[in-house]
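**Q**
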Amino acid sequence: MTQKTISFQISGMTCAACSTRVEKGLNRVVGVEQANVNLTTEKATISYESDKVDLEQLTEKVEKLGYGVQLKKAEFDVIGMTCAACSSRIEKKLSKLDGVQQVNVNLAMEKATISYVEGSTQPSTMKEAVKKIGFELKENREVEEQASEKQLELNQQLGKFLFSAILTLPLLWSMVTHFEFTSFIWMPEMFMNPWVQLALATPVQFIVGAQFYRGAYKALTNKSANMDVLVAMGTSAAYFYSLYLAIIANQQGYLGMPELYFEASAVIITLIVLGKLFEVRAKSRTSQAIQKLLGLQVKTAFVIRDGETTEIPIEEVVVGDYLLVKPGSKIPVDGTIIEGTTAIDESMITGESIPVDKQSDDTVIGSTINKNGSIKMVATKVGKDTALAQIVKIVEEAQGSKANIQRLTDKVSGIFVPIVIAIAAITFLLWYFVITTGDLSAALIPTISILVIACPCALGLATPTSIMAGSGRAAELGLLFKGGEYLESTQSIQTVVLDKTGTVTKGEPVLTNFITDDEKVLQLVATIENQSEHPLAKAIVDGAKERGVSLLTATEFTAIPGYGVEGVVEGQHVVIGTRKLLHEREVDFKLAVNELETLELEGKTAMLIAVNGRYKGTLAVADTVKETSKEAITALQQLGLEVIMLTGDNKRTANSIAKQVGITNVISEVVPQEKSSVIERLKSEGKKVAMVGDGLNDAPALAVADIGMAIGTGADVAIEAADVTLMRGDLMSVVDAIIISRKTMTNIKQNLFFAFVYNTIGIPIAAIGLLAPWVAGAAMAFSSVSVVLNALRLQKAKVRP
Numbered sequence: 002m003t004q005k006t007i008s009f010q011i012s013g014m015t016c017a018a019c020s021t022r023v024e025k026g027l028n029r030v031v032g033v034e035q036a037n038v039n040l041t042t043e044k045a046t047i048s049y050e051s052d053k054v055d056l057e058q059l060t061e062k063v064e065k066l067g068y069g070v071q072l073k074k075a076e077f078d079v080i081g082m083t084c085a086a087c088s089s090r091i092e093k094k095l096s097k098l099d100g101v102q103q104v105n106v107n108l109a110m111e112k113a114t115i116s117y118v119e120g121s122t123q124p125s126t127m128k129e130a131v132k133k134i135g136f137e138l139k140e141n142r143e144v145e146e147q148a149s150e151k152q153l154e155l156n157q158q159l160g161k162f163l164f165s166a167i168l169t170l171p172l173l174w175s176m177v178t179h180f181e182f183t184s185f186i187w188m189p190e191m192f193m194n195p196w197v198q199l200a201l202a203t204p205v206q207f208i209v210g211a212q213f214y215r216g217a218y219k220a221l222t223n224k225s226a227n228m229d230v231l232v233a234m235g236t237s238a239a240y241f242y243s244l245y246l247a248i249i250a251n252q253q254g255y256l257g258m259p260e261l262y263f264e265a266s267a268v269i270i271t272l273i274v275l276g277k278l279f280e281v282r283a284k285s286r287t288s289q290a291i292q293k294l295l296g297l298q299v300k301t302a303f304v305i306r307d308g309e310t311t312e313i314p315i316e317e318v319v320v321g322d323y324l325l326v327k328p329g330s331k332i333p334v335d336g337t338i339i340e341g342t343t344a345i346d347e348s349m350i351t352g353e354s355i356p357v358d359k360q361s362d363d364t365v366i367g368s369t370i371n372k373n374g375s376i377k378m379v380a381t382k383v384g385k386d387t388a389l390a391q392i393v394k395i396v397e398e399a400q401g402s403k404a405n406i407q408r409l410t411d412k413v414s415g416i417f418v419p420i421v422i423a424i425a426a427i428t429f430l431l432w433y434f435v436i437t438t439g440d441l442s443a444a445l446i447p448t449i450s451i452l453v454i455a456c457p458c459a460l461g462l463a464t465p466t467s468i469m470a471g472s473g474r475a476a477e478l479g480l481l482f483k484g485g486e487y488l489e490s491t492q493s494i495q496t497v498v499l500d501k502t503g504t505v506t507k508g509e510p511v512l513t514n515f516i517t518d519d520e521k522v523l524q525l526v527a528t529i530e531n532q533s534e535h536p537l538a539k540a541i542v543d544g545a546k547e548r549g550v551s552l553l554t555a556t557e558f559t560a561i562p563g564y565g566v567e568g569v570v571e572g573q574h575v576v577i578g579t580r581k582l583l584h585e586r587e588v589d590f591k592l593a594v595n596e597l598e599t600l601e602l603e604g605k606t607a608m609l610i611a612v613n614g615r616y617k618g619t620l621a622v623a624d625t626v627k628e629t630s631k632e633a634i635t636a637l638q639q640l641g642l643e644v645i646m647l648t649g650d651n652k653r654t655a656n657s658i659a660k661q662v663g664i665t666n667v668i669s670e671v672v673p674q675e676k677s678s679v680i681e682r683l684k685s686e687g688k689k690v691a692m693v694g695d696g697l698n699d700a701p702a703l704a705v706a707d708i709g710m711a712i713g714t715g716a717d718v719a720i721e722a723a724d725v726t727l728m729r730g731d732l733m734s735v736v737d738a739i740i741i742s743r744k745t746m747t748n749i750k751q752n753l754f755f756a757f758v759y760n761t762i763g764i765p766i767a768a769i770g771l772l773a774p775w776v777a778g779a780a781m782a783f784s785s786v787s788v789v790l791n792a793l794r795l796q797k798a799k800v801r802p
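Our numbering runs 1 ahead of the 1-based position in the sequence shown.
Structure below.
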């Protein structure tokens with residue numbers, strides 16, 4: 002009997018009854034000796050017999066009781082992986098550790114993300130477990146450090162290739178001269194000597210190829226197999242068979258040995274090292290999106306403390322600091338303007354090239370560019386809390402996560418190498434005992450070719466490189482996918498449900514119509530409305546100012562909630578409001594009834610104006626459609642998608658807006674809590690549904706949709722609930738997201754096709770003896786490079802004509 006004690010955090014408990022319920026439930030589990038649940042610390046401490054119950058059963062029990070077990074996340078850089086079999090082996094090893102709930106090892110990014118029950122295991126335990134199978138986990142390092150190590154790896158790989166190529170070239174030369182069509186090429190006699198060939202091939206085999214032997218040894222001692230095993234077996238067979246022939250020839254006094262295969266082993270290793278060189282160089286380019294984002298970060302800031310302005314490193318800025326931002330410089334951190342006006346280029350966040358006017362009380366985003374005015378601001382978010390830092394985090398997590406298609410590929414890769422070794426063994430036996438009876442040389446050639454061409458490098462790189470490149474390109478377009486699985490599933494969307502206010506429309510009222518015979522009336526109206534705090538009043542005042550109207554002074558101002566406002570301007574009594582208000586003021590507005598009804602049918606809020614008891618005009622305020630909404634909805638429909646508008650607004654206004662943008666399916670007058678029910682109903686009809694919204698009331702619908710898309714200019718809770726954040730704030734980003742998802746999935750399928758073609762076609766060709774070992778090595782190296790280069794095409798992908 003093995004007794005263990007474990008502690009972990011429990012979420013969802015609200016009172017003593019909750020903690021008692023969890024405690025009783027755990028104590029009833031067979032194998033649990035004692036369970037104590039502390040409501041204050043929200044922690045459960047359990048003593049149990051590990052041969053009767055395990056941690057997974059305990060956490061499942063807590064979840065069945067209606068509570069949650071809090072998980073902690075550990076992220077590491079992984080050192081030493083060479084192929085998909087390696088990443089699969091690390092995942093299996095880590096998954097066996099107590100308390101580990103989920104493991105994701107990304108071959109392309111060379112990163113591991115582990116979710117585990119806090120208290121059940123430690124990062125040091127994870128490192129030790131991975132070290133035992135021949136790999137190394139390092140705490141996530143700074144991007145600069147990673148870039149430096151990548152450059153070092155690139156230099157080392159280049160050095161290995163050059164060293165290997167110099168020694169291999171004479172061997173390749175001697176091999177080429179064996180062909181009849183190259184008989185005219187001069188070949189120094191010494192290169193035909195088996196001992197010279199041995200001297201040239203040995204450093205390549207055991208110095209450059211040492212990495213393959215080390216990897217193979219670690220894999221085999223842990224009862225698994227990877228790419229290193231295939232390369233080591235294939236090249237060793239060629240090398241040692243040639244050595245054996247050379248020794249036999251020496252004993253017989255014969256020197257010219259055209260049947261030696263030293264060149265095959267050396268060429269294979271050289272080509273694989275060349276492939277790795279290209280692969281490392283190409284993979285470093287897939288993380289350029291993160292590098293670009295990090296390059297936007299400000300290094301220093303001018304802080305105002307004790308009345309003095311001092312330049313300090315950005316790391317020393319704290320929330321609440323007052324900062325001075327000069328024209329032409331970058332906003333240091335997220336904050337709020339407290340003094341000054343300016344225009345700010347926010348294109349790095351939103352993609353919009355037109356600078357945004359800012360004044361006191363407006364929010365500003367760190368790393369955006371202050372174009373023309375000196376401002377003072379107060380820091381509200383610094384360090385990892387800034388918008389840019391959050392964007393970088395989302396992109397990193399998306400690049401490091403796995404799409405569902407990759408999980409299938411990983412399973413295939415995990416069992417692929419042992420199958421290949423079995424095929425190679427069967428091929429050898431068939432050639433040696435059946436096809437060319439007793440001819441060891443003839444049997445070795447197809448066997449070596451199979452072992453070399455079948456390396457599953459390309460298979461392991463096919464999906465993660467595309468996800469990295471696709472999510473990076475998406476970030477440049479202002480699209481933040483929270484994971485590879487969302488980048489994958491967005492392409493399968495059939496129905497797009499759009500919120501109205503703030504999504505299809507601008508989300509703020511503007512003055513759309515002003516009908517009067519007296520131009521001075523607008524000045525009187527704006528002066529009165531300037532006294533009101535109502536959003537519609539602000540829209541009227543802003544609209545008047547845009548028309549060049551100056552404001553006067555109002556007196557005797559009165560707001561009549563639900564009806565309108567009235568006041569006196571330069572001795573004239575002005576009333577602005579509803580029919581009922583003007584009826585009460587005994588104003589005759591019969592001439593305006595038709596205009597009023599027309600405006601209201603268009604979904605606008607119409608108001609009547611009276612001056613000194615006489616009707617003087619009509620104005621209308623409405624939430625106007627965004628400039629790109631109609632174009633975006635047309636584009637979505639051309640992509641074959643059903644578009645639905647879902648809003649809590651009244652039917653007349655909703656239909657009016659829908660008509661303007663070309664939407665025929667409208668669901669209106671839906672209260673916030675019912676929005677998610679509408680999405681559930683659409684899903685129950687078998688549709689793959691995307692919900693696009695920006696407000697607090699959209700969050701539940703965003704969460705239940707197959708893909709939730711939040712307008713990046715909207716509420717934080719909506720962004721948190723969504724799977725994709727659209728930083729640009731317009732509906733064309735929805736089109737971009739679907740297109741980039743489709744392009745990424747097409748790219749992944751192309752990569753998988755390349756990878757499987759190399760393996761499935763290459764293996765039988767090698768098995769029947771039509772593929773020389775060195776050609777197999779070249780094909781295998783080229784397969785990995787072609788997959789990565791194909792993925793890199795996504796970095797230049799166009800989403801619009």
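C-beta atoms are modelled at their ideal positions from N, C-alpha and C, and glycine is treated no differently.
1) Mind checking who Phe9 pairs with in its DSSP beta bridge?
2) Val570: which of Gly26, Val588 and Ala527 sits nearest, CA to CA?
3) Can you name the residues that DSSP bridges to Pro1?
4) Quick one: grab the DSSP three-state call for Ser89.
5) Given that a residue counts as buried once 16 or more other Cβ atoms are within 10 Å of its Cβ, and exposed if not, what is Ala423?
6) Can you tell me which of Thr502, Thr599 and Glu530 puts its alpha carbon nearest to the alpha carbon of Leu553?
7) When you compare only the Cα positions, how much space is there between Leu256 and Ala166?
8) Could you spell out where the alpha helix (DSSP H) holding Thr654 opens and where it closes?
9) Report the residue from Ala344, Leu790 and Ile454 whose alpha carbon sits nearest the alpha carbon of Ser375.
10) Would you report the Cα separation of Thr625 and Val788, rounded to the nearest angstrom?
11) Does DSSP classify Pro510 as helix, strand or coil?
12) Report the rounded CA-to-CA distance for Gln10 versus Gly26, giving the unit in angstroms.
13) Report the three-state DSSP secondary structure of Asn39 (helix, strand or coil).
14) Counting only the same chain and skipping the five closest in sequence on each side, list residues whose C-beta sits under 8 Å from that of Glu509.
15) Where do the N-terminal and C-terminal ends of the beta strand (DSSP E) with Asp500 fall, by residue?
16) Can you give me the C-alpha to C-alpha distance between Glu140 and Gly69, rounded to a whole angstrom?
17) Quick check: Gly578 and Phe515, are their CB atoms within less than 8 Å of each other?
18) Taking 8 Å as the threshold (beta carbon to beta carbon), is Gln58 in contact with chain C?
19) Which of the three DSSP states is assigned to Arg306 in this structure?
20) Grab me the residues of Ala611's own chain with a C-beta within less than 7 Å of its C-beta, minus the 5 sequence neighbours each way, in chain order.
21) Under 8 Å between the Cβ atoms of Ile449 and Pro765?
22) Could you spell out where the beta strand (DSSP E) holding Arg615 opens and where it closes?
23) In terms of residues, what are the limits of the beta strand (DSSP E) holding Leu117?
24) Would you mind working out which of Val786, Ile740, Asn748 and Val736 sits nearest Tyr759, comparing C-alpha positions?
25) Under three-state DSSP, which class holds Glu670?
26) Count the other C-beta atoms from every protein chain shown that fall within 10 angstroms of the C-beta of Ala459, then say buried if there are 16 or more, exposed otherwise.
27) Assuming Asp731 and Ala711 are in contact, meaning their beta carbons sit under 8 Å apart, how far apart are those beta carbons, in whole angstroms?
28) For Val693, does the count of other Cβ atoms within 10 angstroms reach 16, so buried, or fall short, so exposed?
29) Less than 7 Å separating the Cβ of Asp322 from some heavy atom of the ligand ADP?
30) If Arg801 and Asn748 are in contact, beta carbons under 8 Å, what's the gap, nearest whole angstrom?
31) Looking only at its chain, what residues have a beta carbon closer than 6 Å to the beta carbon of Gln661, apart from the 5 residues adjacent to it on each side?
32) Pick out whichever of Leu637, Gly641 and Ala659 has its Cα sitting closest to the Cα of Leu647.
33) DSSP on Thr337, reduced to helix/strand/coil?
34) At which residues does the alpha helix (DSSP H) containing Met203 begin and terminate?
35) Which value, in whole angstroms, describes the spacing of the CA atoms of Ile769 and Ile269?
36) Taking the alpha-carbon positions, what's the Ala86 to Glu111 distance?
**A** This is what the structure holds:
1) Ala45
2) Ala527
3) An answer regarding residue 1 cannot be provided, because it is not within the stretch 2 to 802 covered by the chain.
4) helix
5) exposed
6) Glu530
7) Because Leu256 carries a pLDDT of 48, less than 50, the predicted location of this residue cannot be relied on, and the following value inherits that uncertainty. Whole-angstrom Cα-Cα distance: 25 Å.
8) Lys652 to Val662
9) Ala344
10) 47 Å
11) strand
12) 16 Å
13) strand
14) Pro536, Ala540 and Asp624
15) Thr496 to Asp500
16) 27 Å
17) no
18) No chain C is part of this structure, which consists of one protein chain only.
19) strand
20) Val576, Leu583, Arg586, Val588 and Lys617
21) no
22) Arg615 to Val626
23) In the sequence as presented, Leu is not what sits at residue 117; that position holds Tyr. Its beta strand (DSSP E) spans residues Lys112 to Val118.
24) Val786
25) coil
26) buried
27) That pair is no contact at about 13 Å.
28) buried
29) In the structure on display, the ligand ADP does not appear, and there are no ligands present to speak of.
30) Going by Cβ atoms, the distance from Arg801 to Asn748 rounds to 18 Å, so no, they are not a contact pair.
31) Val626
32) Ala659
33) strand
34) With the sequence shown as reference, residue 203 is identified as Thr, and Met is not the correct amino acid for it. Thr203 -> alpha helix (DSSP H) spans Pro195 to Pro204.
35) 19 Å
36) 13 Å
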